[in-house]
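The sequence shown runs 1 to 460 under the numbering used here.
Cβ atoms here follow ideal geometry from the backbone N, Cα and C, with glycine treated the same way.
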Amino acid sequence: MGLPTTRMSLLTSVACLPKEDILAMMPPRKVVDRHVSHFFNAFDFAPDIGASGLSATESQDTLDTYRTLTIHCLVAGDYLRSGRYTIETLTLHFALDQNVNVDTHAGTWVLMGVVIRVAMRMGLHRDPAHWPTIRPLQAELRRRIWMTLYDMDFFTSTQVGLPRIIKDSQCDTQPPAHLVDGDISLEHDETPVERPLTEPSSLLYIIQRHRIITLAAEIYDATEGGPPLAATISALSTKLEETVQSIPAWLKHKPLEASIADNPVTILYRMFLDILIHKAVYLLHRRAFVKGSSGEENAKSSKACIDAALAILDHQRRMSEETQPGGLMYAIRWKVATSLNHEFLQATMMLCFALSRSDEDAEPSSTNFMPRRDDIMEALATARGLWEMNAGQSTEAQRAVKTISVVLKHGESPTTASLDDLFKQMPGVIAPSYLDPFEDMALDPSLFGAFGSMPGDLTL
Numbered sequence: 001m002g003l004p005t006t007r008m009s010l011l012t013s014v015a016c017l018p019k020e021d022i023l024a025m026m027p028p029r030k031v032v033d034r035h036v037s038h039f040f041n042a043f044d045f046a047p048d049i050g051a052s053g054l055s056a057t058e059s060q061d062t063l064d065t066y067r068t069l070t071i072h073c074l075v076a077g078d079y080l081r082s083g084r085y086t087i088e089t090l091t092l093h094f095a096l097d098q099n100v101n102v103d104t105h106a107g108t109w110v111l112m113g114v115v116i117r118v119a120m121r122m123g124l125h126r127d128p129a130h131w132p133t134i135r136p137l138q139a140e141l142r143r144r145i146w147m148t149l150y151d152m153d154f155f156t157s158t159q160v161g162l163p164r165i166i167k168d169s170q171c172d173t174q175p176p177a178h179l180v181d182g183d184i185s186l187e188h189d190e191t192p193v194e195r196p197l198t199e200p201s202s203l204l205y206i207i208q209r210h211r212i213i214t215l216a217a218e219i220y221d222a223t224e225g226g227p228p229l230a231a232t233i234s235a236l237s238t239k240l241e242e243t244v245q246s247i248p249a250w251l252k253h254k255p256l257e258a259s260i261a262d263n264p265v266t267i268l269y270r271m272f273l274d275i276l277i278h279k280a281v282y283l284l285h286r287r288a289f290v291k292g293s294s295g296e297e298n299a300k301s302s303k304a305c306i307d308a309a310l311a312i313l314d315h316q317r318r319m320s321e322e323t324q325p326g327g328l329m330y331a332i333r334w335k336v337a338t339s340l341n342h343e344f345l346q347a348t349m350m351l352c353f354a355l356s357r358s359d360e361d362a363e364p365s366s367t368n369f370m371p372r373r374d375d376i377m378e379a380l381a382t383a384r385g386l387w388e389m390n391a392g393q394s395t396e397a398q399r400a401v402k403t404i405s406v407v408l409k410h411g412e413s414p415t416t417a418s419l420d421d422l423f424k425q426m427p428g429v430i431a432p433s434y435l436d437p438f439e440d441m442a443l444d445p446s447l448f449g450a451f452g453s454m455p456g457d458l459t460l
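Take a look at the structure:
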């Protein structure tokens, strides 16, 4: 039985398939069991998928079929009634929807709103401690699910430059405890003592990442409505420094040259956290950076944003190098492929914006002076080559390449032409209106795509 060729959406009216038809399209039980086992036990299951003999087109068709059948199952189960396993299925569907859609679309943010509201109807935004009848294991799973949704909401909202759906003042769910599968079961009447922060685990990484995201979300909310007060920036900057200092030693970022004996997954975790920290920095200082006015505080903010963007693009370069054959992360290259492109694209656009308004001959006191100008041009030249590798699959990557090319040309041969004249050289890529939406975290929404969710988002 075939499915419609047009892509379905959970946000539109869908006439679901009969249960019998859905079950008839399922693979044999032993195949399903094998894939479920890989999902829960194998970190790098890409080779198992590749061994199936499917072409790229066939693999994409399989993903589309799975996504469509998930929609049919959710509709058939009346997901708005919030039955058992509804939120888990919605979360998996959302993650799949993000990875199937390479470029940004507002529907992702809207879909996230649906998922969160269903979760709220189930009471996931309130800590399980309010209900003594909830068993410790169930309580921990609810906390993990809410943490996952919170993080997804943050990334989705910053990708499209729109407000977060979750309002912290309305929620009190606590982070989950650092407990691995063998530590807690349905038989436990009390939550066991959690493991120490010095004991590495994938869950502890996700918990630490969530701590940073919680602060980054606070920063995003504080700077979304307009330029924050200097006192607000100072207080949030201090909180960010304290959060970074509290990261366990095994997760603190260090140069790859000093990490050659470390587990590749641990290296990847460190890089993810460092990128997220730099994201929080430019969220905090973006208003002053865009404004570009003179003054010591604005100069500090501009430098902070440029340093953060350069650091993120350096991670992009190193990840590309280390996922090549013989690289430190070659064995887990699939994990890197689509998870961070939005952050790389954001950093690319920030540096393009900075370079486009700079003047090589400007005095340090001038608003057109750009610190680390040569570093910016070198980083953008490298990034252009990396984006070109994705241009065949992503419209946003194509636009990034065009934008970098024009901005670099402008940087090498600066003229007195206005920014409007510069942007006219990029029809269909960028426009004068590009500048204002930057203040809402999306220079041009078409340039800030959701290339996939952060790794670990589905660890429940």
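Determine whether the beta carbon atoms of residue i and residue j lie at a separation below 8 Å.
i	j	result
H210	P175	yes
L16	V100	Position check: residue 16 holds Cys in this sequence, whereas Leu was assumed. Not closer than 8 Å, so no.
T348	I275	no
Q159	T104	yes
E396	L345	yes
I207	H253	no
L96	R67	yes
M370	A354	yes
I212	I277	yes
Apart from the five residues just before and just after residue i, which ones in its own chain have a Cβ nearer than 7 Å to its Cβ?
i	result
S9	G107
K19	A76
T12	none
Q324	Y330
E343	I275, K279 and I312
D172	R126 and D127
R384	V401, I404 and S405
S82	V118, R121 and M122
L69	I22 and M25
In chain order, what residues of the same chain have a beta carbon less than 8 Å from the beta carbon of residue i, not counting five sequence neighbours either side?
i	result
L268	M329, I332, K335, V336 and P455
V14	M8, I71, H72 and V75
Take residue i and list the residues in its own chain whose beta-carbon comes closer than 6 Å to its own, dropping the five residues that flank it on each side.
i	result
A379	L310 and L313
V115	L90 and F94
F142	Correcting the residue identity first, residue 142 is Arg in this sequence and not Phe. For R142, where only same-chain residues beyond five positions count, the Cβ hits under 6 Å are L124 and P128.
H72	C16, L17 and I22
S548	Look at the range of the chain in this structure, 1 to 460, and you will see that residue 548 is not part of it.
G326	none
P228	A222
A463	Here the chain comprises residues numbered 1 to 460, so residue 463 is not present and cannot be evaluated.
H35	none
N390	A397
Assuming residue i contacts residue j under a Cβ cut-off of 8 Å, what Cβ separation, rounded to an integer in Å, is found between them?
i	j	result
M271	M319	7 Å
E297	A304	Their Cβ separation, rounded to whole angstroms, is 11 Å, which puts E297 and A304 out of contact at 8 Å.
A280	L240	6 Å
L137	Y205	L137 to Y205, Cβ: 21 Å. No contact.
L283	A216	6 Å
L80	V118	7 Å
D153	M112	6 Å
D183	P192	5 Å
C514	V407	No answer is possible for residue 514: the residues shown for the chain start at 1 and end at 460.
S301	H285	4 Å
For a test of your reading of the model: does the CB of residue i fall under 7 Å from any non-hydrogen atom of the ligand PLP? Yes or no.
i	result
A235	Questions concerning the ligand PLP fall outside what the structure shown contains, since it holds no ligand whatsoever.
(message) Quick test of the definition: if touching needs 3 or more C-beta pairs under 8 Å, does the stretch 216-227 touch the stretch 154-172?
(response) yes
(request) Could you tell me whether the stretch 144-152 touches the stretch 183-201, using the rule of 3 or more Cβ pairs below 8 Å? (result) no
(request) Examine the Cβ distances between the stretch 230-237 and the stretch 255-273 and report whether three or more of them are shorter than 8 Å. (result) no
(request) Taking 8 Å as the threshold, find out whether the stretch 371-379 comes into contact with the stretch 177-193 through three or more Cβ pairs. (result) no
(request) Quick one: which unbroken alpha helix (DSSP H) runs of 4-plus residues sit fully inside the stretch 178-249? Chain order, please. (result) 202-224 and 230-245
(message) Could you tell me which whole beta strand (DSSP E) segments of length 3 or greater appear in the stretch 264-329?
(response) none
(request) Pick out the complete alpha helix (DSSP H) segments inside the stretch 117-176, 4 residues or longer, and give them in chain order. (result) 136-160
(message) Quick check for students: name the residue ranges of the alpha helix (DSSP H) that lie wholly in the stretch 373-416, counting only runs of 4 or more.
(response) 373-390 and 395-412
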